[in-house]
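Shown next as structure tokens:
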């Protein structure tokens, strides 16, 4: 099955700086990689995703890059703001034995944006 | 809100109790999931339902029993739990099980087993 590793586990940045979170995956067949943001007391929410036929995707201050050869993908947040403080999870989608697909998640990164 | 509602938000139960977690989605989705979220661990997929049929049981102990009476509702019945079962239990739904369909999560039930 798929194994997803995520680093770092905690990350502190100053407001306005950039933040980068990195993930690696093991199953070369995985082809969909979403990123989720989980704020305190809430469930994870999708913020951006990337498919294996694309190397980079950007949505305002958030961007994701994918290197299929190396089997790693990264989340980049520019001009960080206090409201970016949350736990971020990467995930990779793999096939279920019974058909369909499932997400395998990383361990999460606690991002703290300091004033 | 994501359209996925979980109740209760918090639950404290003894090891001999029986309780149920409820999840309801208002998105018209056909697939629903239970995840367990423990501190410093990845989200662990427990069960997957598609069109009310269970398609995945990720080696979950029998003290956790899911039920999906229709495509909008998902339950997790709990009995004789252990303290290590204390965690945040998250429900999610997606349009179906095809590739690249977004999963929407509920806010979770914080379970404490005493």
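Chains as they are written, first to last, in our numbering: chain C, 1 to 115; chain L, 116 to 229. Even glycine gets a Cβ: it sits at the ideal position worked out from N, Cα and C. Source: prediction; values computed, not measured.
Distance between residue 49 of chain C and residue 192 of chain L (C-alpha atoms, nearest Å): As a working note, residue 192 of chain L is residue 77 in the second chain. As a working note, residue 49 of chain C is residue 49 in the first chain. If you take the alpha carbons of residue 192 of chain L and residue 49 of chain C, they lie about 33 Å apart.
Spatial distance of residue 148 of chain L from residue 207 of chain L (CA atoms): Working through the second chain from its first residue, we reach residue 148 of chain L at position 33. Working through the second chain from its first residue, we reach residue 207 of chain L at position 92. Going by the C-alpha atoms only, they are around 5 Å apart.
Span of the beta strand (DSSP E), counted from its first residue to its last, around residue 130 of chain L: Looking up residue 130 of chain L in the second chain gives position 15. Where residue 130 of chain L is concerned, there is no enclosing beta strand (DSSP E), given that its DSSP letter is neither H nor E.
Beta-carbon gap between residue 129 of chain L and residue 228 of chain L smaller than 9 Å: Counting from one through the second chain, the residue named residue 129 of chain L turns up at place 14. Counting from one through the second chain, the residue named residue 228 of chain L turns up at place 113. Inclusion of residue 129 of chain L and residue 228 of chain L in the CB contact set at 9 Å is warranted, their separation being smaller than that value.
Neighbourhood of residue 38 of chain C by C-beta, 8 Å cutoff - its chain only, sequence neighbours within 5 removed: Numbered from its first residue, the first chain carries residue 38 of chain C at position 38. Hits under 8 Å: 44, 45, 86, 87, 88, 89 and 108.
Straight-line gap, residue 223 of chain L to residue 190 of chain L (C-alpha atoms, nearest Å): For this step, residue 223 of chain L is matched to residue 108 along the second chain. For this step, residue 190 of chain L is matched to residue 75 along the second chain. Roughly 13 Å between the two C-alpha positions.
Closest by C-alpha distance to residue 150 of chain L, when choosing among L/213, L/195, L/200 and L/194: Numbered from its first residue, the second chain carries residue 150 of chain L at position 35. The residue with the shortest Cα to Cα distance from residue 150 of chain L is L/200.
Residues sharing a beta bridge with residue 144 of chain L, DSSP: What you label residue 144 of chain L is simply residue 29 of the second chain in a count that begins at 1. In DSSP, residue 144 of chain L forms no bridge with anything.
CA-to-CA distance, residue 13 of chain C to residue 166 of chain L, given in whole angstroms: The sequence position of residue 166 of chain L within the second chain is 51, counting from 1. The sequence position of residue 13 of chain C within the first chain is 13, counting from 1. Answer to the nearest angstrom: the Cα atoms are 44 Å apart.
Contacting positions in the region 162 to 173 of chain L - beta carbon closer than 7 Å to chain C: 163, 165, 170 and 171
Residues of the region 213 to 224 of chain L with Cβ closer than 9 Å to any Cβ of chain C, in chain order: Under the 9 Å Cβ criterion, the region 213 to 224 of chain L contributes 213, 214, 215, 216, 217, 218, 219, 220, 221, 222 and 223.
Beta-carbon neighbours of residue 42 of chain C, restricted to chain L and to distances below 7 Å: As a working mapping, residue 42 of chain C is identified with position 42 in the first chain. Those within 7 Å of residue 42 of chain C in chain L are 222.
C-alpha gap between residue 181 of chain L and residue 94 of chain C, whole angstroms: Here residue 181 of chain L is taken as the residue at index 66 of the second chain, counted from 1. Here residue 94 of chain C is taken as the residue at index 94 of the first chain, counted from 1. The straight-line gap from Cα to Cα measures roughly 22 Å.
Within chain C, partners of residue 117 of chain L - CB distance below 8 Å: Numbered from its first residue, the second chain carries residue 117 of chain L at position 2. Those are 43 and 45, listed as they occur along chain C.
Proximal residues to residue 17 of chain C (C-beta, below 7 Å), its chain only, five neighbours per side dropped: Here residue 17 of chain C refers to the residue found at position 17 when the first chain is read from its first residue. If we look at residue 17 of chain C and ignore the five residues flanking it on each side, its Cβ neighbours are 80.
Exposed unless 16 or more other CB atoms sit within 10 angstroms - verdict on residue 209 of chain L: Position 94 of the second chain, counted from the start, is the residue given in the question as residue 209 of chain L. Per the 10 Å Cβ criterion, buried.
Boundaries (first-last residue) of the beta strand (DSSP E) holding residue 10 of chain C: Position 10 of the first chain, counted from the first residue, corresponds to residue 10 of chain C. It spans 10 to 14 - the beta strand (DSSP E) in which residue 10 of chain C sits, taken as one unbroken run.
Inter-residue Cα distance where the pair is residue 194 of chain L and residue 177 of chain L: Numbered from its first residue, the second chain carries residue 194 of chain L at position 79. Numbered from its first residue, the second chain carries residue 177 of chain L at position 62. Between the alpha carbons of residue 194 of chain L and residue 177 of chain L lies a distance of about 9 Å.
Contact list for residue 106 of chain C against chain L, beta-carbon separation under 7 Å: The residue given as residue 106 of chain C occupies position 106 in the first chain. By Cβ distance, chain L contributes 157.
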